[in-house]
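Q: Please read through the structure below; I'll follow up with questions.
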Amino acid sequence: MKIRWLFFLAIIIMLTPITVYAEQQSPMEKLDDISDEALQMVKFQRYEDAKKLLDYFSDQFTSINGTTKPLSMDEVRIVNTSHDEAMEAAVSANMEYEERINKLTKFRLVIDALATSHQPLWTEMEEQIMTAFHQAKEAALNGDTAHFHTNFNTFLSLYNVIYPSMKIDVPVENIQRLDTRIDFINEFRSQIVNNSKSQQELDALDTDLKNLFANMEEDDADPSLWWVIISTGSIIIMTLSYVGWRKYQGDKALKKNRSRDLKD
113 MKIRWLFFLA IIIMLTPITV YAEQQSPMEK LDDISDEALQ MVKFQRYEDA
163 KKLLDYFSDQ FTSINGTTKP LSMDEVRIVN TSHDEAMEAA VSANMEYEER
213 INKLTKFRLV IDALATSHQP LWTEMEEQIM TAFHQAKEAA LNGDTAHFHT
263 NFNTFLSLYN VIYPSMKIDV PVENIQRLDT RIDFINEFRS QIVNNSKSQQ
313 ELDALDTDLK NLFANMEEDD ADPSLWWVII STGSIIIMTL SYVGWRKYQG
363 DKALKKNRSR DLKD
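Per the numbering used here, residue 113 is the first one in the sequence shown, and the count goes up by one each step.
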């Protein structure tokens with residue numbers, strides 16, 4: 113019976129962090145929800161609804177900015193810039209659908225980066241970004257200028273979507289190193305295609321991009337998950353220890369009974 117209660121206690125402990133999180137959504141997480149709703153409205157081409165949500169976001173952001181953990185000046189600037197671009201996408205009369213989506217996605221990723229301390233959404237674009245870059249790199253190595261330009265432009269477009277949110281999560285020196293390499297390749301495109309020595313910049317950028325995403329994966333573990341793992345492990349050890357102790361006590365009692373029977 114006691115063992116059953118111990119397992120029941122373990123289940124309660126495992127569920128507690130989930131329940132607490134659901135009940136205690138932070139103001140920034142609420143803003144994250146609003147940004148996601150605005151993105152969904154643009155996906156369904158409900159631009160007026162997207163504008164209303166973005167207006168509501170602006171009001172809420174202003175009201176919470178002084179009541180929660182203060183954002184840095186750079187973070188506030190990134191939020192305001194991405195919000196302005198998202199609003200432009202919602203109210204524009206002739207902007208292409210894909211560009212609207214990119215601007216709202218950029219805004220959504222920025223707010224998510226501020227709202228979460230692990231697994232930011234922008235890292236989910238790793239495969240798309242690396243695929244476009246590797247296709248550009250392969251085209252350059254093959255001397256295929258047309259495909260290099262096309263694929264590198266695709267890479268730049270995708271990279272531009274995650275760039276503001278990257279600046280929230282990634283150290284400045286890493287951002288600057290990426291900027292330098294990308295700017296060089298972009299400025300000297302013809303040289304990259306025709307000069308094998310210049311193509312070494314593609315290898316260097318490839319390494320930096322891989323490190324960018326790999327470093328984020330190392331920091332992705334949710335502290336609450338570690339708490340659950342440690343707590344659950346402790347409960348399991350305690351339960352097994354109790355079972356072992358009961359078995360030991362039972363064996364001891366059995367030996368005593370046998371000894372008494374032999375004496376009788």
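All residues carry an ideal CB built from backbone N, CA and C; glycine is no exception.
This one's a predicted model, so the numbers in the text were calculated from it and none came from an experiment.
If you check the beta carbons only, do arginine 189 and alanine 201 fall under 8 Å apart?
A: no
Q: Suppose the cutoff is 8 Å on Cβ atoms and the five residues either side in sequence are ignored; what does the same chain contact list for glycine 255 look like?
A: Val305 and Asn306
Q: Give a yes or no on whether the C-beta atoms belonging to alanine 84 and aspartate 144 are separated by under 8 Å.
A: The shown model of the chain, from 113 to 376, leaves out residue 84, and the question about it has no answer.
Q: Should proline 276 go down as buried or exposed, given a rule of 16 or more other Cβ atoms within 10 Å for buried?
A: buried
Q: Report back the beta-carbon spacing between leucine 268 and arginine 220 to the nearest angstrom; my notes put them in contact at under 8 Å.
A: That belief does not hold up - the Cβ atoms of leucine 268 and arginine 220 are roughly 20 Å apart, past 8 Å.
Q: If you draw a straight line from the C-alpha of phenylalanine 173 to the C-alpha of glutamate 141, how long is it?
A: 11 Å
Q: According to DSSP, simplified to helix, strand and coil, what is serine 310?
A: coil
Q: Are asparagine 295 and lysine 249 close, meaning C-beta to C-beta below 8 Å?
A: Per the sequence shown, residue 295 should be read as aspartate rather than asparagine. Their beta carbons are not under 8 Å apart, which means aspartate 295 does not touch lysine 249 by this criterion.
Q: Pull up the distance between the alpha-carbon of asparagine 214 and that of tryptophan 234, whole angstroms please.
A: The C-alpha of tryptophan 234 is placed about 12 Å away from the C-alpha of asparagine 214.
Q: Just to check my reading of the structure: leucine 253 and glutamine 311 have Cβ atoms closer than 8 Å, yes? What is that Cβ distance to the nearest angstrom?
A: The Cβ separation is near 6 Å, so the contact holds.
Q: Return yes when the Cβ of threonine 266 is within less than 8 Å of the Cβ of alanine 244, no when it is not.
A: Contact: yes.
Q: Please confirm whether lysine 163 and valine 203 have their CB atoms less than 8 Å apart.
A: Result yes, Cβ atoms of lysine 163 and valine 203 sit closer than 8 Å.
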